[in-house]
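First the structure, in the form of structure tokens, and then the observations on it.
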Amino acid sequence: MEAETLAVAQGIDFSMWALFARASLVVKLVMILLIIASFWSWGIIIQKLINYRRARAESEQFDSAFWSGEPLDGLFEQVGPNPDGGAERVFAAGMTEWRRSHRQDGDLIPGAQARIDRSMDVAINKEAESLQWGLSFLATVGSTAPFVGLFGTVWGIMHAFIEIAAQQNTNLAVVAPGIAEALLATGLGLLAAIPAVVFYNKLSADSERIIAGHEVFADEFATLLSRQLDS
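When you line the sequence shown up against our numbering, it's residues -5 to 225, in that order.
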């Protein structure tokens, strides 16, 4: 009897595709949802890694140009009102408001410093929103994917016990496939959740450092403009 059971068990296909194909409809839907969430998470992760690397390089390049001693008006003419880099956009927002704050006779409109600060704050907030877009999805996947996978496991095990009761057979050949299919859902849940949590923490820290760099630059730029206002 044991030899017959072992022979039957060895003949069962335990490949990933076979486990998915044998799973119940609910477990299949759970697996598909987790696979989609995992691919989507990796798409966001790769995109953010590329974007953050580009943002850091652009900020470093602009900082070198800004502190090179070139006149601000000349630098603004090079950058333009709609630049590509985040630090450049903060600079362009401040310079645009600076120019708008001058009357035709050359005098400044009262409250120029406050308007320049607000303009740069708005630009920084837009940069923060752009940098952090998609991170909430990683947080959601990281916190919910294990429970979604667990739901698939519970449902699969319940379905396996129903099959056992229907066949009135507790041999390994009957029990193992259903349990393996159910546990695959938990594995997919962890496969989706672990990278999402790890990279959410990393990308959140990276975005905060980039945003902090923009805020420091805005403060330094505002200080330079205030000196001109007071002179």
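Where is the CB? At the ideal position from N, CA and C, for every residue including glycine. Computed from a predicted structure; not experimentally measured.
| request: Counting only the same chain and skipping the five closest in sequence on each side, list residues whose C-beta sits under 8 Å from that of Ser113. | output: On the sequence shown, position 119 is the one that residue 113 refers to. Excluding positions up to five away in sequence, the list reads Ala87, Gly88, Thr90 and Glu91.
| query | What is the rounded straight-line gap between the Cα of Phe70 and the Cα of Gly80? | reply | Here the question's residue 70 lines up with position 76 in the sequence shown. Here the question's residue 80 lines up with position 86 in the sequence shown. Phe70 and Gly80: Cα-Cα distance of roughly 14 Å.
| task | Express the C-alpha separation of Arg83 and Asn45 in angstroms, rounding to a whole number. | result | Translated into positions along the sequence shown, residue 45 becomes position 51. Translated into positions along the sequence shown, residue 83 becomes position 89. In a straight line, the C-alpha of Asn45 is about 16 Å away from that of Arg83.
| Asn76 by DSSP, collapsed to three states: which one? | Position 82 of the sequence shown holds residue 76. Correct three-state label for Asn76: coil.
| In angstroms, rounded to a whole number, what distance separates the CA positions of Leu28 and Gly143? | Sequence index remark: in the sequence shown, residue 28 carries index 34 (1-based). Sequence index remark: in the sequence shown, residue 143 carries index 149 (1-based). Here the alpha carbons of Gly143 and Leu28 stand approximately 8 Å from one another.
| query | Quick one: what does DSSP say Ser95 is sitting in, helix, strand or coil? | reply | In the sequence shown, counting from the first residue as 1, residue 95 sits at position 101. Of the three classes helix, strand and coil, the one that applies to Ser95 here is coil, per DSSP.
| The alpha helix (DSSP H) enclosing Ile103, as first and last residue numbers | If you number the sequence shown from 1, residue 103 lands on position 109. DSSP places Ile103 in no alpha helix (DSSP H); its state is neither H nor E.
| query | Buried or exposed: which applies to Thr180, given that a residue is buried once 16 or more other Cβ atoms fall within 10 Å of its Cβ? | reply | Within the sequence shown, the letter at position 186 stands for residue 180. The residue is buried, with at least 16 neighbouring Cβ atoms inside 10 Å.
| Residue range of the unbroken alpha helix (DSSP H) whose run includes Glu52 | Residue numbering aside, residue 52 sits at position 58 when the sequence shown is read from its first letter. Counting along the chain, the alpha helix (DSSP H) containing Glu52 begins and ends at Leu19 to Phe60.
| task | Starting from the N-terminal side, write out each stretch of the alpha helix (DSSP H) that is 4 residues or longer and does not extend beyond the stretch 111 to 143. | result | With a minimum length of 4 residues, no continuous alpha helix (DSSP H) run stays inside the stretch 111 to 143.
| said: Taking the alpha carbon of Phe56 as the reference point, which residue from Gln41, Leu219 and Gly74 has its own alpha carbon closest? | reply: Taking the first residue of the sequence shown as position 1, residue 56 is located at position 62. Nearest to Phe56 by C-alpha distance, out of Gln41, Leu219 and Gly74, is Gly74.
| task | Look at the alpha carbon of Ile188 and the alpha carbon of Gly105, and state the distance between them as a whole number of angstroms. | result | Position 194 of the sequence shown holds residue 188. Position 111 of the sequence shown holds residue 105. CA-CA distance, Ile188 to Gly105, rounds to 50 Å.
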